[in-house]
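Worksheet for the structure shown next.
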Amino acid sequence: MNGWWKGSVSRRLLLSGGAILGGAQVVRHLAPAANAQTAPADPRGSPRPAHDNHDGMITPGAVNYARNGFDPHDILTDWDTGVVSKLPDGRTLREYEITAEDKIIEIAPGLMFPAWTYNGRVPGPTLRVTEGDRLRIRFRNFGSHPHSIHFHGIHAARMDGVPGAGNVQPGGEFVYEFDAIPFGCHLYHCHSVPLKRHIHKGLYGAFIIDPDPERRPEDQAAARSRLLGSPENAQWQEFVLVMNAFDTNFDEENEVYAVNSIAHAYTKRPIIISRDRPVRLYLINVTEFDPINSLHLHANFFDYYDHGTTLTPTLRTVDTVMQCQGQRGILEFTFKDHEPGLYMFHAHQSEFAELGWMSLFEVRA
Amino acid sequence: MSGMSRPIFWALLPLLLIVAVAIAFMASDPLAPFTGSAPPVEELSIERTILDDHGIGVRVRAGGSEPMRIVQVQVDGAYWNFKQDPGGAVDRMGTAWLQIPYPWVAGEAHHLTFITNTGALFEHRIDVAVATPDVTADRVNFYALIGLFVGVVPIALGMLFYPALRAGGPGVFEFALALTIGLLAFLLVDTLAEGLEFASEAAPQFHGPTLVWLPAAFAFAVLMAIGRRKGEALSGVALATSIALGIGLHNLGEGLAIGAAFATGAAALGSFLVIGFTLHNITEGIGIAAPMLGEKPRLKVFILLIALAGLPAVLGIWIGSFAFSAHWAAVALGIGAGAILQVIVEVSFYLARKARERDRSWASGTTLAGATLGVLIMYATAFLIQV
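Going down the list, the sequences are from chains A and B. Numbering follows this note's numbering, in which position 325 of the first sequence is assigned residue number 325; successive positions increment by one, without gaps. Position in the second sequence (from 1) plus 1000 gives the number in this note's numbering.
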């Protein structure tokens, strides 16, 4: 008797078996209608809620972007080109001010996460520079733990932003200085230890180096289309998507997955694109704990440039791409022959999709 | 100070000082340095689960150091829409219903995760999804029928041994009483274990085991006092009535467990299971009849005793399947355990007195064999329902 209401699969099977062994289903004879409810295979037991974006798989409610201090729709396109000046040798110098600060952010409606941030936002500012520029980043640590900025790029060991080289104690500062090479879609993140904790708490951001068309005579048109500020680039609709996740109970498993931090942000309010102009996505994976993340585009295919360091695609005509931790790349596609409407894109790990990494493009004529 | 006001003063003074100390402690908040940045302690217990055409409904009870906010819900690892009633933060010890329009699959397991604003997770597993029975006349009748088979039928069958036992001599009488003690001892352990298991399911703020032990002790003391209010030990029909009451409370608990298991899909209803309960409980009828072997009770007395011991099983199944809370089940089983202990004591006294009347020790081979057999019968037939 003791405890048998708790049920386990083996006991359930035994009980059903017992019913057969016991011969006639006394109970069924006595109350056929009631017994039907206990038959496991009865399909009538399952409800069929309406298929609707907002009445099923969703994080119900709204995130307070004003309180967070950043809006995932702004993050899509808010390129930070720094303070620009000319060096004596004629090169462009871009200077940035970045701070590390502790901040509680709302990552899904009502769900508060004690983040560590660059400039109070997750992901941090999207640095957008041009190949060959000189970069000077003044980093001040207002946080409660040591932090650094480790840039994925080519630079000296002294500028690597790791323990022993540019690791900044709370209250301290450091200036990272190096040339912007190679062109591509990169990232930066904190490299203080413990590494997993410093990254998944929110210390990362996009670092995009546009190619210099003068240096790329063989692919000048492609280089121009990438260069922010050029007339060719203005034809494109460019968005930065940082695939990230949050472990809210610190058990080394993520509870929330997203692009640009807020679960379902682009499901509840789709990213609007014009079907007449091509689309370019800067896709970066900074998910911790899960080895890979992915993006799948519905009803369309794209060309992919792994790391964005080439001007010809490294993958052509695919609709799904996967990236390991720290991997990134550029996606190019167009909806010009499509009918207007909502087109999904999401991680093709259904687990991540159902935990928040689900998004929509709204294609308009 | 007058004669009366002096004791009142001394009674009130400590109470007033307790209030003063509490206020002073709150005002100075000496613990602030220790609790400054620590997140609140959170506890969430799931007390009821309802599966129907609208999806999954759960009643949660909050615990911990502050009111709790459930901000997101996952079903099988997917964020899902939900509505909370009443909305907002759930107070300490307060409850709320969450309605999740999830297309659950009959016969399969589902896994619920509740996430609070601090990012803490609370999980609940539905082992086998089965539509929660509606309260319909059919359902009520159906459960009543199961209850009759589990509670009333076996006790009535057991009592049919009465004429046979009566025909035997004093040795048979002692044997039957000893058998009763063995049976009751088994029920005592079973009831306590079951009560403690329910208690472990209850919200932790209820201090689980206390929910069983305290009512058990209280019920034992009260029933002893009532039984002996005339200053003498129980015997005959009065003792039989006490046994019936104790067994009735045990059967109430048995019914609660059966009802809860059916409602949550943990048990498939099989005739084997029902017959198992019938066999298991037949000994209870013998136990109730045993103290009356020296008397000639009327048929009405037998019927009333059967009802007292057996009908609570029906009530238990109803409550267990339609409106079930683990903490109330634990209390009910605690009371049952206390009642059973009381009748063990009374039957033992009675047995000892009967033995003394025959100038024999109560510790004879007959009584030892009877008690052992009582336990063994219960243990062996328990296999039929343990599965």
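The C-beta atom is built at its ideal place from N, Cα and C for all residues, glycine as well.
Query, Result
"Length-filtered (3 minimum) beta strand (DSSP E) runs lying within the segment 1319-1378 of chain B", "none"
"Cβ neighbours of F1198 of chain B in the same chain (closer than 6 Å, five flanking residues each side left out)", "A1326, A1329, A1330"
"Alpha carbon of G1147 of chain B to alpha carbon of D1138 of chain B, nearest angstrom", "14 Å"
"beta-carbon A1260 of chain B near the ligand HEM non-hydrogen atom, thresh 7 Å", "As for the ligand HEM, it is missing from this structure, which has no ligand bound."
"Neighbour flag for A258 of chain A against chain B, beta carbons, 8 Å", "no"
"Proximity below 8 Å, CB of I1046 of chain B to CB of H1124 of chain B", "yes"
"Beta-carbon neighbours of M344 of chain A, restricted to chain B and to distances below 7 Å", "The contacting residues do not exist; M344 of chain A stays about 15 Å from chain B at best."
"Contacting residues, own chain, Cβ-Cβ under 8 Å from V1274 of chain B (five flanking each side not counted)", "I1146, F1149, V1150"
"Positions along the segment 344-363 of chain A whose CB lies within less than 7 Å of some CB in chain B", "E351, E354, L355, G356"
"Best match in A:T320, A:T287, A:G205, A:G308 for proximity to F302 of chain A [C-alpha to C-alpha]", "A:T320"
"Three-state class that DSSP yields for A268 of chain A in the structure shown", "The sequence given here places Lys at residue 268 of chain A; Ala does not occur at that position. Residue state, collapsed to three classes: helix."
"Beta-carbon gap between I199 of chain A and G153 of chain A smaller than 8 Å", "no"
"Partners in chain A for N1281 of chain B, counting only beta-carbon separations shorter than 8 Å", "Correct list: empty, because the minimum Cβ distance to chain A is about 11 Å."
"Selection of the segment 1112-1130 of chain B by Cβ proximity to chain A, strictly under 9 Å", "T1113, I1115, T1116, N1117, T1118, G1119, A1120, L1121, D1127, V1128, A1129, V1130"
"Cross-chain neighbours of R1069 of chain B in chain A, by beta carbon under 9 Å", "G110"
"Buried or exposed (CB count within 10 angstroms, at least 16 for buried), N64 of chain A", "exposed"
"CB of A1245 of chain B within 8 Å of CB of A1339 of chain B, strictly", "In the sequence as displayed, the identity of residue 1245 of chain B is Leu instead of Ala. Yes; because the gap between Cβ atoms is below 8 Å, this pair is in contact."
"Neighbourhood of F333 of chain A by C-beta, 6 Å cutoff - its chain only, sequence neighbours within 5 removed", "V279, N300, F302"
"Distance CB(L187 of chain A)-CB(G205 of chain A) smaller than 8 Å", "yes"
"Paired residues, beta bridge with Q323 of chain A - DSSP", "A:N293"
"Buried versus exposed call for S1242 of chain B [16 or more other C-beta atoms within 10 Å across all chains shown]", "buried"
"Through-space distance from Q1099 of chain B to A1185 of chain B, alpha-carbon basis", "44 Å"
"CA-to-CA distance, R1048 of chain B to R44 of chain A, given in whole angstroms", "Residue placement at R44 of chain A is poorly supported in this model, since its pLDDT is 35, which falls under 50; the coordinates are not used for a value here."
"Residues near L1177 of chain B in its chain [Cβ-Cβ closer than 8 Å; skip 5 each side]", "A1290, P1291, V1347, Y1350, L1351, K1354, T1367, G1370"
"Identity of the residues DSSP links to W1080 of chain B by a beta bridge", "None, per the DSSP bridge assignment."
"Best match in A:R197, A:G161, A:G69, A:P291 for proximity to N249 of chain A [C-alpha to C-alpha]", "A:R197"
"Per-residue DSSP class, three states only, for W79 of chain A", "strand"
"Element boundaries [alpha helix (DSSP H), containing D1138 of chain B]", "1137-1147"
"8 Å Cβ cutoff met for G1285 of chain B and G1168 of chain B", "no"
"Close Cβ partners of A353 of chain A (< 6 Å) along its chain, the five nearest in sequence each way excluded", "H346, A347"
"L1187 of chain B, buried or exposed, once every other Cβ within 10 Å from all chains shown has been counted against 16", "buried"
"Residues within the segment 243-273 of chain A neighbouring chain B, beta-carbon criterion of under 9 Å", "F246, D247, T248, N249, F250, D251, E255, V256, A263, H264"
"Distance between V240 of chain A and A115 of chain A (C-alpha atoms, nearest Å)", "21 Å"
"Chain-ordered chain A contacts of G1057 of chain B [CB-CB under 7 Å]", "Ordered by position in chain A, no residue passes the 7 Å Cβ test against G1057 of chain B, which lies about 11 Å from the chain."
"Three-state class that DSSP yields for I154 of chain A in the structure shown", "coil"
"Any chain A beta carbon closer than 8 Å to P1086 of chain B", "no"
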